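Position 169, counted from 1, in the sequence shown is what this note's numbering calls 169; the numbers after and before it change by one each time, with no gaps.
C-beta atoms are modelled at their ideal positions from N, C-alpha and C, and glycine is treated no differently.
Keep in mind it's a predicted model, so treat the numbers as computed, not measured.
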Amino acid sequence: MDLSLSTPHASRLLWLDEVGSTNTHLVVAVNSSDGAEWPDFSVVATDNQVAGKGRLGRDWSAPAGASLAVSVLLRPETPAGRPLPPESLSWMGLLAGLAMARACNSVLPEGKKATIKWPNDVLIGEKKVCGVLSELVVTPQGLALVVGTGVNIALAEVDLPVPTATSLVLEGAQTALDEVLAAYLTEFARITRVFTSAAGNVRSSGLLDQVTELCNTIGKSVRVELPSGESPVGTAIGLSENGSLIVEMSNCAEPLVVSAGDVTHLRVI
């Protein structure tokens with residue numbers, strides 16, 4: 001695999017012709033005896049992930065060669081060399097989504113736009129092209145994050161797992177995998193530098209505004225499936241400083257602040 005565009009944007013890049021899960025491979029690697037050889041912004045990637053997982057343990061799979069699975073290791077520190085505040089780490093999934101949405105937009109034709117769906121998807125229109133899964137990892141070198149993304153590059157319509165999915169090729173992009181990977185790594189590296197330079201403060205870094213601007217969920221009528229089993233309906237009006245979704249409820253004076261849950265965009269009839 002020619003990764004000449006992508007390689008300069010990772011501190012270490014391992015391409016695997018086939019792997020069960022890039023996230024799992026990277027987690028095992030950083031906890032092995034040579035874990036110190038995996039510095040911040042190390043990357044594991046493949047176009048043939050055979051046992052990928054999304055949020056809540058859901059299966060994620062695609063035909064070999066038709067998608068890109070990439071996991072990035074982050075060892076985030078403030079400019080003073082201290083760990084970022086733990087509450088700021090919840091933003092990494094949304095920031096990866098921001099980076100991937102911008103990467104997709106760099107190859108999509110005019111009239112098509114990738115956006116973020118809270119909390120962990122990238123959409124083109126209302127169809128999913130990418131999912132994000134972040135995992136907190138305790139390593140011998142300290143706390144780290146593994147941020148995995150899976151993006152549908154060249155899936156044909158017959159290969160789509162659900163009718164609400166799509167691929168870059170189906171949306172009119174003519175692009176090579178290395179081009180998408182390089183664009184994503186470039187954006188994600190820039191975003192994480194801005195984030196850590198601001199000690200994880202999304203407001204002062206400007207990243208709260210940037211994610212909000214590209215978040216397709218905000219302004220939508222939504223149904224939220226909460227871990228408790230409840231499914232309230234309301235209007236998404238913004239993001240909190242810890243990345244939670246703020247939902248305005250018609251039957252409640254105070255908005256609902258959702259830190260975990262699945263969101264469905266509802267059609268307004």
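Cβ-based burial, residue i [other Cβ within 10 Å; buried from 16]
{"i": "alanine 253", "result": "exposed"}
{"i": "isoleucine 237", "result": "exposed"}
{"i": "glutamate 187", "result": "buried"}
{"i": "leucine 181", "result": "buried"}
{"i": "alanine 260", "result": "exposed"}
{"i": "leucine 266", "result": "exposed"}
Anticipated Cβ contact below 8 Å, residue i with residue j, distance rounded
{"i": "leucine 177", "j": "glutamate 157", "result": "Not a contact, Cβ separation roughly 19 Å."}
{"i": "aspartate 47", "j": "leucine 14", "result": "Not confirmed; about 13 Å, so no contact."}
{"i": "tryptophan 91", "j": "glycine 206", "result": "Between glycine 206 and tryptophan 91 the Cβ distance is about 13 Å, and since that is not below 8 Å, they are no contact."}
{"i": "proline 79", "j": "serine 250", "result": "Actually they do not touch by this definition, with Cβ atoms about 44 Å apart."}
{"i": "methionine 100", "j": "threonine 149", "result": "6 Å"}
Top-ranked residue by Cα proximity to residue i, from the options
{"i": "leucine 143", "options": "Asn120, Leu226, Gly35", "result": "Gly35"}
{"i": "alanine 199", "options": "Pro109, Arg82, Val72", "result": "Arg82"}
{"i": "cysteine 203", "options": "Ser240, Thr235, Gly172", "result": "The displayed chain sequence assigns arginine, not cysteine, to residue 203. If we check each option's Cα against that of arginine 203, Ser240 comes out closest."}
{"i": "glutamate 271", "options": "Val27, Leu94, Lys127, Trp118", "result": "Residue 271 is absent from the model: the chain starts at 1 and stops at 269."}
{"i": "arginine 190", "options": "Pro232, Glu110, Phe41, Thr212", "result": "Phe41"}
{"i": "valine 162", "options": "Val194, Lys128, Val132", "result": "Lys128"}
{"i": "aspartate 209", "options": "Val151, Pro85, Phe195", "result": "Phe195"}
Residue i to residue j span [Cα, whole Å]
{"i": "threonine 217", "j": "threonine 166", "result": "18 Å"}
{"i": "glycine 65", "j": "alanine 154", "result": "8 Å"}
{"i": "alanine 96", "j": "serine 228", "result": "27 Å"}
{"i": "alanine 183", "j": "serine 71", "result": "15 Å"}
{"i": "valine 30", "j": "leucine 136", "result": "12 Å"}
{"i": "threonine 24", "j": "serine 11", "result": "19 Å"}
{"i": "proline 8", "j": "glutamate 179", "result": "12 Å"}
{"i": "leucine 185", "j": "serine 231", "result": "36 Å"}
{"i": "proline 140", "j": "leucine 84", "result": "17 Å"}
Paired residues, beta bridge with residue i - DSSP
{"i": "aspartate 121", "result": "Lys117, Gly131"}
{"i": "isoleucine 262", "result": "Looking at the sequence shown, residue 262 is not isoleucine but aspartate. Answer by DSSP bridge pairing, in chain order: Glu225."}
{"i": "proline 83", "result": "Glu77"}
{"i": "valine 194", "result": "Per DSSP, none; premise fails for valine 194."}
{"i": "arginine 12", "result": "Ser42"}
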